[in-house]
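The next block holds one structure in the form of structure tokens; read it before the comments.
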Amino acid sequence: MFIPARWRYLWLFFVVLVCGLVFRLAFVDRLNELKQPYEIRQSALIDQAALLINTRLSLVETQIRLFRHELELLKPTQAELEPAMISMFKLYSDTLQVRWIDEQGFEQVRLNKTADNNVVAVLTDELQNKRNRYYVEAGLALADDEVFISQIDLNVEQGKVERPFQPTLRGVIKASLASMGDGLLVINFDLRSLLNEVAALSETNIQLLVAAGEDRWIVHPDNSQLWRSDLNLEATGIETDLPKLVKLIEDDGLAQGAEDNNQLYAAQRIESPYQSESSLQDIVVITQTAPLVLSSLKNQALLRAALLAIATGIAGMILLTLYSRHLREVNELSVKLEHERDNLKTTLERQSSLINELAETKKLSSLSIMVAGLAHELNTPVGATQLALSSQASLLDNLIENKNTGLTKSAFDNYLEQSGKSLQQAQRNNQRAIELIQSFKRLTFERANNELNTFNVAQHLDDLCKSMHGMLHKQNIRLENKLPNHITLTGYAGAFSQIVQIIISNAIDHAFENMAGACLELSCDYRGRDVVVTIRDNGKGIKADELPHIFEPFVTSKRQQEHTGLGLHMARVWIEQAFSGDIKVESSPGVGTTFELTFRSARKLAEQIAKDKIPENPFT
Numbered sequence: 001m002f003i004p005a006r007w008r009y010l011w012l013f014f015v016v017l018v019c020g021l022v023f024r025l026a027f028v029d030r031l032n033e034l035k036q037p038y039e040i041r042q043s044a045l046i047d048q049a050a051l052l053i054n055t056r057l058s059l060v061e062t063q064i065r066l067f068r069h070e071l072e073l074l075k076p077t078q079a080e081l082e083p084a085m086i087s088m089f090k091l092y093s094d095t096l097q098v099r100w101i102d103e104q105g106f107e108q109v110r111l112n113k114t115a116d117n118n119v120v121a122v123l124t125d126e127l128q129n130k131r132n133r134y135y136v137e138a139g140l141a142l143a144d145d146e147v148f149i150s151q152i153d154l155n156v157e158q159g160k161v162e163r164p165f166q167p168t169l170r171g172v173i174k175a176s177l178a179s180m181g182d183g184l185l186v187i188n189f190d191l192r193s194l195l196n197e198v199a200a201l202s203e204t205n206i207q208l209l210v211a212a213g214e215d216r217w218i219v220h221p222d223n224s225q226l227w228r229s230d231l232n233l234e235a236t237g238i239e240t241d242l243p244k245l246v247k248l249i250e251d252d253g254l255a256q257g258a259e260d261n262n263q264l265y266a267a268q269r270i271e272s273p274y275q276s277e278s279s280l281q282d283i284v285v286i287t288q289t290a291p292l293v294l295s296s297l298k299n300q301a302l303l304r305a306a307l308l309a310i311a312t313g314i315a316g317m318i319l320l321t322l323y324s325r326h327l328r329e330v331n332e333l334s335v336k337l338e339h340e341r342d343n344l345k346t347t348l349e350r351q352s353s354l355i356n357e358l359a360e361t362k363k364l365s366s367l368s369i370m371v372a373g374l375a376h377e378l379n380t381p382v383g384a385t386q387l388a389l390s391s392q393a394s395l396l397d398n399l400i401e402n403k404n405t406g407l408t409k410s411a412f413d414n415y416l417e418q419s420g421k422s423l424q425q426a427q428r429n430n431q432r433a434i435e436l437i438q439s440f441k442r443l444t445f446e447r448a449n450n451e452l453n454t455f456n457v458a459q460h461l462d463d464l465c466k467s468m469h470g471m472l473h474k475q476n477i478r479l480e481n482k483l484p485n486h487i488t489l490t491g492y493a494g495a496f497s498q499i500v501q502i503i504i505s506n507a508i509d510h511a512f513e514n515m516a517g518a519c520l521e522l523s524c525d526y527r528g529r530d531v532v533v534t535i536r537d538n539g540k541g542i543k544a545d546e547l548p549h550i551f552e553p554f555v556t557s558k559r560q561q562e563h564t565g566l567g568l569h570m571a572r573v574w575i576e577q578a579f580s581g582d583i584k585v586e587s588s589p590g591v592g593t594t595f596e597l598t599f600r601s602a603r604k605l606a607e608q609i610a611k612d613k614i615p616e617n618p619f620t
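Just so you know, we're using full-length UniProt numbering here: the sequence shown kicks off at 1 and counts up by one.
Structure, rendered in structure tokens:
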């Protein structure tokens with residue numbers, strides 16, 4: 001097929017454009033692929049470091065509370081206070097310094113741990129007034145049971161930073177002893193072991209950094225960047241060194257795969273639970289790749305992207321000669337696929353329509369079962385009423401005859417007695433018929449009513465049992481009810497009775513086959529705020545290989561008896577959609593089957609309806 005020159009140039013332009021796009025996508029994809037192991041390792045290192053830091057910092061408040069509690073239990077005298085505190089150093093190995101400071105800010109007792117891990121008490125004349133220190137001011141402003149955790153900084157004595165550096169975290173809490181009065185318990189925690197352990201996580205190609213706040217590095221591969229703000233040097237920190245990273249972690253405190261200064265970064269912010277100005281800062285754990293790592297990865301990605309772009313260009317030129325045939329084949333295939341899609345769409349619509357029609361048929365079928373049950377149940381009280389009325393008519397005829405021939409007192413008394421009995425029988429059976437009709441009216445009304453309401457579960461189940469009594473009696477099945485009257489449920493009452501009826505009907509149809517002593521047990525109870533209805537039978541049970549499939553549509557063991565296999569499927573769909581509930585089933589062949597129906601209350605949905613935010617009723 002001849003292609004004009006202008007179309008060849010257009011195709012060439014298109015090929016160049018595609019090559020550029022392929023180059024870009026291949027480069028990005030390959031670079032991401034190469035970066036992934038580093039990003040995974042960076043994330044793992046951050047998780048390890050964050051776990052170490054979180055674990056240690058979370059113990060600070062607990063330890064100072066325990067320290068105070070133990071002192072209050074020991075109730076040491078002033079002379080016993082130092083030995084009591086010394087003994088506690090053994091319990092808390094990273095305790096660097098413990099002080100008792102009175103309400104004027106004067107140190108009353110101070111114990112220091114020396115470089116060789118001995119604990120020494122500071123002489124009285126060397127004790128200081130710490131009233132102007134920020135952590136003392138914060139401690140004096142605390143409520144009785146509050147704890148102040150200071151920011152992480154270097155320990156300072158006599159206005160000078162102690163050397164070698166002692167990274168310190170201070171816990172302050174109010175305390176009271178009979179021998180010392182009211183004061184502050186101040187504990188300095190030594191963070192050197194923690195920070196050394198975190199720093200040791202760094203690897204050859206991945207370095208670990210930790211920032212305390214925005215202007216202080218506490219772990220950094222370059223030691224000259226550590227503690228600069230504490231040494232009165234020009235402060236450096238994440239705000240000055242990595243401003244792009246700061247913006248990335250502003251929202252959710254997490255950044256992964258960030259690039260800056262030709263290095264790959266990942267970061268996680270550990271938010272401080274303390275909000276005061278001088279309290280514990282937010283901790284940011286950062287990993288960065290070595291300077292040459294990202295450049296090497298980019299070079300590898302560039303090489304692969306270039307090869308793919310060249311291959312794409314060659315393929316594009318080859319495709320130019322095959323374009324016509326390829327286009328024709330694509331068009332033919334498109335027509336075929338569109339035809340198949342239309343066929344599948346039509347089939348799906350037919351199947352959906354069939355399921356909907358069968359579901360409606362299932363509803364009407366359950367209603368017809370209720371009508372047949374009601375008719376059967378009404379036969380007895382109506383027949384008894386008719387018999388009583390016939391008896392009354394006969395008594396009246398006898399009374400009229402006796403009146404014409406001579407009415408005796410004994411005959412009149414006999415008429416009154418028999419009439420009373422006949423009327424009582426008629427009234428009793430008439431009341432039974434009224435109750436049956438009212439029960440049926442309630443059920444049919446709720447089936448037609450699509451509104452949310454709060455209904456009595458026992459009453460609805462009792463009405464359902466009455467409507468199905470005829471069917472149960474015909475099959476010689478005994479129904480035992482265990483229905484407490486106090487249980488209520490907010491939801492669709494019609495859907496509720498429909499679902500339970502399907503399960504009971506399924507048991508009647510499948511559980512018993514000419515079985516003597518057939519019994520169904522119906523019970524309900526609360527489980528938290530949910531209502532659980534249990535339907536248990538002593539029938540033949542369900543085979544183990546059939547049990548996982550009983551809720552699937554069109555699955556039935558009695559298709560030859562015109563069963564559709566939709567009953568249990570619709571019950572599960574309705575209970576999930578109308579009540580956000582579920583159905584569980586347990587069965588043992590030869591023992592019986594238990595269905596457990598969980599109905600969740602729709603109180604929140606009812607509140608939405610009350611605000612005119614009316615959702616669609618899924619049952620309809």
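Just so it is clear, CB atoms sit at the ideal spot from N, CA and C, and this is done for glycine as well. No experiment lies behind these values; they were computed from the predicted model shown.
Ordered along the chain, which non-local residues of its own chain (more than five positions away) have a Cβ less than 6 Å from that of residue i?
i	result
I502	G567 and A571
L308	V22 and A26
D582	T598
May I ask you to list the residues that DSSP assigns as paired with residue i?
i	result
R269	V284
S229	The partner list for S229 (beta bridge, DSSP) is empty, contrary to what the question assumes.
K113	V119
A212	I283
Q207	Q288
N456	T488
P167	L154
T594	R536 and E586
E521	E480 and R536
Nearest CA to the CA of residue i: which residue from the options?
i	options	result
V500	A315, A458, E214 and I101	A458
H486	H510, L464, S523 and I477	S523
I504	K466, T490 and R350	K466
E239	D215, L254 and N205	D215
A212	L10, N196, I270 and D125	I270
E39	L348, M515, L264 and V591	L264
D545	V573, E162, R41 and P589	P589
S279	L344, G171 and N205	G171
A79	A178, D282, F412 and K403	A178
K158	G181, K113 and N129	The amino acid at residue 158 is misidentified as Lys; the sequence shows Gln. The residue with the shortest Cα to Cα distance from Q158 is N129.
M515	L292, V591 and V532	V591
S43	N398, L292, H339 and V285	V285
P291	I206, E126 and S93	I206
For residue i, collect the residues of the same chain with a Cβ closer than 7 Å to its Cβ; drop the 5 residues on either side in sequence, then sort them by chain order.
i	result
R99	E107, V109, R110 and V186
residue 692	The structure shown has nothing for residue 692, since the chain only spans 1 to 620.
L208	L45, A49, V198, A199, L201, S202, V219 and T287
I86	L111 and V119
K298	L31
L303	none
How should residue i be labelled, buried or exposed, when 16 other C-beta atoms within 10 angstroms of its C-beta is the threshold for buried?
i	result
F579	buried
E82	buried
S497	buried
T556	buried
F445	With a pLDDT of 49 at F445, under the threshold of 50, the predicted position of this residue should be treated as unreliable, and no value is reported.
L254	exposed
K474	exposed
Y492	buried
D251	exposed
R478	exposed
M1	Unreliable placement is indicated for M1, whose pLDDT of 47 sits below 50; the coordinate value is still reported in the next sentence. M1 comes out exposed.
N133	A small fix is needed here, since residue 133 is Arg in this sequence, not Asn. Buried, since its Cβ has 16 or more Cβ neighbours within 10 Å.
So residue i and residue j are supposed to be a Cβ contact under 8 Å. How far apart are they, rounded?
i	j	result
L461	S601	With 8 Å as the limit, L461 and S601 do not qualify as a contact, their Cβ atoms being about 17 Å apart.
K244	D260	5 Å
A507	K540	Incorrect: roughly 11 Å between the Cβ atoms, too far for contact.
L184	L140	7 Å
P167	L195	6 Å
F189	T95	6 Å
V210	I149	Between I149 and V210 the Cβ distance is about 17 Å, and since that is not below 8 Å, they are no contact.
N262	L294	5 Å
Kindly list the residues whose CB is nearer than 8 Å to the CB of residue i, restricted to its own chain and excluding five residues on each side of it in sequence; keep chain order.
i	result
L248	A255, A258 and A267
P484	A458, C524 and D525
E480	C519, L520, E521 and L522
residue 707	The displayed coordinates of the chain run from 1 to 620. Any statement about residue 707 would go beyond what the structure contains.
V136	I101, G105, K130, V172, L184 and V186
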